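Student: Using the numbering used here, you'd call the opening residue of the first sequence number 44 and step up by one each time. Every residue, glycine too, gets a C-beta built ideally from N, C-alpha and C. Predicted model only: the values in this text are computed from it and were never measured.
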Amino acid sequence: MKRIRVIEIIQTEPKNQNVLVKGWVRSFRSNRFIALNDGSTINNIQLVIDFENFPEDQIRRITVGSCIAAQGELIPSQGSGQKSEVRVVQFEILGDADPGIYPLQPKKHSLEFLREIAHLRFRTNTFGSIFRIRHHVAFAIHRFFHERGFYYLHSPVITASDAEGAGEMFHVTSLDLSRIPFNDQKEVEYKKDFFGRPANLTVSGQLEAELAAMALSQVYTFGPTFRAENSNTTRHLAEFWMIEPEVAFNDIFDNMDLAEDMLKYVIGKVMTECTDDLKFLLDREEEEQKSKPQQERNEMNLLQRLQFCLDHQFERVSYTDAIEILRNSNPNKKGKFQYAVESWGTDLQSEHERYLVEKHYKKPVILFNYPKDIKAFYMRQNDDGKTVAAMDILFPGIGEIVGGSQREERYDRLASRMKEMHIPTEEMYWYLDTRRFGSCPHAGFGLGFERLMLFITGMGNIRDVIPFPRYPGYAEF
RNA sequence: GCCUCUUUAGCUCAGUUGGUUAGAGCGUCGGACUGUUAAUCCGCAGGUCCUUGGUUCGAGCCCAAGAAGGGGCGCCA
Numbered sequence: 044m045k046r047i048r049v050i051e052i053i054q055t056e057p058k059n060q061n062v063l064v065k066g067w068v069r070s071f072r073s074n075r076f077i078a079l080n081d082g083s084t085i086n087n088i089q090l091v092i093d094f095e096n097f098p099e100d101q102i103r104r105i106t107v108g109s110c111i112a113a114q115g116e117l118i119p120s121q122g123s124g125q126k127s128e129v130r131v132v133q134f135e136i137l138g139d140a141d142p143g144i145y146p147l148q149p150k151k152h153s154l155e156f157l158r159e160i161a162h163l164r165f166r167t168n169t170f171g172s173i174f175r176i177r178h179h180v181a182f183a184i185h186r187f188f189h190e191r192g193f194y195y196l197h198s199p200v201i202t203a204s205d206a207e208g209a210g211e212m213f214h215v216t217s218l219d220l221s222r223i224p225f226n227d228q229k230e231v232e233y234k235k236d237f238f239g240r241p242a243n244l245t246v247s248g249q250l251e252a253e254l255a256a257m258a259l260s261q262v263y264t265f266g267p268t269f270r271a272e273n274s275n276t277t278r279h280l281a282e283f284w285m286i287e288p289e290v291a292f293n294d295i296f297d298n299m300d301l302a303e304d305m306l307k308y309v310i311g312k313v314m315t316e317c318t319d320d321l322k323f324l325l326d327r328e329e330e331e332q333k334s335k336p337q338q339e340r341n342e343m344n345l346l347q348r349l350q351f352c353l354d355h356q357f358e359r360v361s362y363t364d365a366i367e368i369l370r371n372s373n374p375n376k377k378g379k380f381q382y383a384v385e386s387w388g389t390d391l392q393s394e395h396e397r398y399l400v401e402k403h404y405k406k407p408v409i410l411f412n413y414p415k416d417i418k419a420f421y422m423r424q425n426d427d428g429k430t431v432a433a434m435d436i437l438f439p440g441i442g443e444i445v446g447g448s449q450r451e452e453r454y455d456r457l458a459s460r461m462k463e464m465h466i467p468t469e470e471m472y473w474y475l476d477t478r479r480f481g482s483c484p485h486a487g488f489g490l491g492f493e494r495l496m497l498f499i500t501g502m503g504n505i506r507d508v509i510p511f512p513r514y515p516g517y518a519e520f
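(1) Taking the alpha-carbon positions, what's the P374 to Y398 distance?
(2) Where does E289 land, buried or exposed, given buried means 16+ other C-beta within 10 angstroms?
(3) What does the Cβ neighbour count give for I417, buried or exposed, with the cut at 16 atoms within 10 Å?
(4) Pick out the complete beta strand (DSSP E) segments inside the stretch 290-348, 3 residues or longer, and give them in chain order.
(5) Any idea if S198 is buried or exposed, counting beta-carbon neighbours within 10 angstroms, 16 or more meaning buried?
(6) Quick one: is M305 buried, meaning 16 or more other Cβ sit within 10 Å of its Cβ, or exposed?
(7) Over what stretch of residues does the beta strand (DSSP E) that includes D435 continue unbroken?
(8) Which same chain residues end up closer than 8 Å to V508 when comparing Cβ atoms and leaving out the 5 residues on each side of it in sequence?
(9) So does the stretch 57-66 actually touch the stretch 94-103, counting three or more Cβ pairs closer than 8 Å?
(10) Since E451 and Y421 should fall inside the 8 Å C-beta cutoff, what is the C-beta to C-beta distance between them, to a whole number of angstroms?
(11) For I105 and P142, what's the separation of their Cα atoms in angstroms?
(12) From W284, L259 and S153, pick the residue whose C-alpha is nearest to that of T245; which is it?
(13) Where do the N-terminal and C-terminal ends of the beta strand (DSSP E) with V78 fall, by residue?
(14) Which word fits S73, buried or exposed, when buried means at least 16 other C-beta atoms lie within 10 angstroms of its C-beta?
(15) Could you tell me the distance, in whole angstroms, from the CA atom of V49 to the CA atom of D81?
(16) For H162 versus F520, is the C-beta spacing smaller than 8 Å?
(17) For Y454, which residues of its own chain have a beta-carbon under 8 Å away from its beta-carbon, when the five flanking residues on both sides are left out?
(18) Determine the DSSP secondary structure at N96, reduced to helix, strand or coil.
(19) Mind checking whether A419 and D297 have CB atoms under 8 Å apart?
(20) Rank T84, S83, K150 and E116 by C-alpha distance to the C-alpha of L90 and give the top, closest one.
(21) Please classify A518: is it buried, with 16 or more other beta-carbons within 10 angstroms of its beta-carbon, or exposed?
(22) Mind checking P224: buried by the 16 CB within 10 Å criterion, or exposed?
(23) Do you know how far the Cα of A112 is from the Cα of L250?
(24) Mind pulling the beta strand (DSSP E) runs of 3 or more residues that sit fully within the stretch 103-147?
(25) Have a look at K429, Q424, K377 and G378 and flag the residue whose alpha-carbon is nearest the alpha-carbon of T389.
(26) The beta strand (DSSP E) spanning G491 covers which residue range?
(27) Answer yes if the stretch 322-335 comes into contact with the stretch 215-222, meaning at least three C-beta pairs across the two stretches below 8 Å, and no otherwise.
(28) So is T387 buried or exposed if we call it buried at 16+ other beta carbons inside 10 Å?
(29) What number of angstroms, rounded off, separates the C-alpha of K150 from the C-alpha of N59?
(30) Is M464 helix, strand or coil by DSSP?
(31) Counting beta carbon pairs with one atom in the stretch 272-279 and one in the stretch 302-319, are three or more of them shorter than 8 Å?
(32) Measure the C-alpha to C-alpha separation of T363 and C352 and round it to an integer number of angstroms.
(33) With respect to the beta strand (DSSP E) encompassing L90, which residues constitute its N-terminal and C-terminal limits?
(34) Do the stretch 251-259 and the stretch 226-238 touch if we need at least three Cβ pairs shorter than 8 Å?
(35) Where does G501 fall in DSSP's three states?
(36) By Cβ distance, which residues of its chain are closer than 6 Å to N504, with the 5 residues on each side in sequence left out?
As structure tokens, this is what we get:
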């Protein structure tokens with residue numbers, strides 16, 4: 044007999060039909076009622092077991108966390124909590140869970156505790172919801188680009204270029220670190236290493252995506268990204284997933300449209316496809332809000348925030364205008380900012396970004412045309428000679444979720460900018476070649492997948508929206 | 001990397017001005033009950049008060065160093 048998934052069984056009209064279900068026990072009440080979950084949905088199926096008809100030693104093995112297979116009749120429930128239930132005819136314990144040492148109890152656990160047992164936290168309602176949603180978000184991203192005629196490009200995970208300038212990199216080597224070969228100058232002899240040269244884990248697939256966009260027109264990457272930065276925050280990981288579309292013939296404003304459309308498409312899809320899980324996370328957040336002082340509570344709940352994001356155009360503000368708004372803002376005048384907004388040309392602090400998004404505009408903001416000196420070498424230089432066609436999308440509660448730009452397509456401008464910023468042009472010949480042969484205007488951006496997950500789930504810590512987080516000093520599981 | 005807070009039972013947390021034998025809820029275990037919804041009721045067990053050192057007649061509580069965890073900042077997605 045074939046097993047039926049819980050998500051199917053709870054949608055099936057109960058007509059005393061024979062069914063087989065398999066899953067993990069969430070609770071066992073009155074020695075009679077089993078709440079069984081198989082991860083196909085946040086909802087459980089209730090199994091009713093007449094303990095009088097089964098050996099006691101078998102009944103005693105039905106414990107929270109144990110895995111069972113049960114066969115019986117699907118009948119209308121006599122209780123009020125559920126539409127149907129399975130009257131168990133026979134069952135089998137597939138895996139015991141010793142209640143004396145199984146760490147999950149049918150009660151609320153702290154996220155910090157669950158992070159320490161990340162191998163088991165999938166079995167909680169919260170993390171079940173998060174990782175079902177994570178799948179739907181990833182899938183929606185692929186669908187969005189596929190429907191628009193983009194090609195999914197697999198950019199390399201190992202790169203030999205250390206000139207991408209997006210942060211500290213993890214070295215990749217097959218050398219024996221206790222016996223590193225040095226030359227006479229005490230330099231590492233990379234010729235003896237696996238690739239014959241230094242290699243690193245990628246910090247971005249953008250440069251490779253640009254190469255492909257110069258032929259396929261519209262591509263995107265979606266893969267793991269690695270930063271060896273010593274970042275200890277609720278918004279950073281050493282290993283995270285990034286989506287990087289790159290589009291030939293797009294300018295900075297097409298780029299904004301694409302990013303905004305994509306975010307709205309994905310959020311819309313999740314709202315229609317993950318209603319049960321979002322409802323659970325909504326209730327969870329509401330409960331959490333109750334224990335906070337009025338001042339720190341969210342003005343909108345999770346679903347309202349998602350809907351608001353769909354209903355409103357993201358505010359587009361130039362860096363120059365943003366500086367003026369911040370300079371004239373109340374917190375700046377009253378000296379409330381930790382970093383006073385000084386002159387044009389300095390980078391915005393996260394408190395400034397938060398003010399713009401959460402207090403001034405109260406919606407997602409796209410900041411664009413940043414001073415060239417605080418941005419990367421590949422961004423297109425504007426005619427004013429001071430700014431580049433960069434854009435960042437800032438979300439409430441999260442900050443920067445997207446960073447992108449129109450790329451510098453003019454060979455001379457790019458090469459001279461690289462020299463100014465000490466980027467080795469010889470090593471990057473392949474990147475410059477795209478500007479030598481059939482160059483064209485193009486643009487792209489990077490979307491932090493886990494940061495989008497934070498917004499969609501309402502979770503507060505990025506370590507809770509990725510199955511196995513990696514961060515400084517931590518690579519467990 | 002910097003700042004800050006926390007660390008007491010399996011989990012979540014109380015613990016007064018430094019004072020005898022360190023508590024609660026939930027969970028486990030034993031029992032009762034059996035159409036429950038994190039079932040309910042009764043009972044038992046469970047502690048290196050993070051570690052080390054110091055102050056003191058006396059430290060869970062005060063001081064110092066270290067460890068682990070949370071939050072903020074920086075770097076960024």
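Tutor: Let's see:
(1) Each residue's alpha carbon lies about 9 Å from the other.
(2) buried
(3) Note on I417: under 16 other CB atoms within 10 angstroms of its CB, so exposed under the neighbour-count rule.
(4) none
(5) The residue is buried, with at least 16 neighbouring Cβ atoms inside 10 Å.
(6) buried
(7) T430 to F438
(8) I173, R177, E493, M496, L497, T500 and M502
(9) no
(10) 6 Å
(11) 10 Å
(12) W284
(13) With the sequence shown as reference, residue 78 is identified as Ala, and Val is not the correct amino acid for it. Its beta strand (DSSP E) spans residues F76 to N80.
(14) exposed
(15) 6 Å
(16) yes
(17) Cβ contact annotation for Y454 (same chain, cutoff 8 Å, sequence separation greater than five): L475, R478, R479 and S482, in chain order.
(18) helix
(19) no
(20) E116
(21) exposed
(22) exposed
(23) 51 Å
(24) 110-119 and 127-138
(25) K429
(26) H485 to G491
(27) no
(28) According to the sequence displayed, residue 387 carries Trp and not Thr. Burial call: exposed.
(29) 33 Å
(30) It is coil, neither helix nor strand.
(31) no
(32) 25 Å
(33) I88 to V91
(34) no
(35) coil
(36) In its chain, beyond the 5 residues on either side, T277 have a beta carbon closer than 6 Å to the beta carbon of N504.
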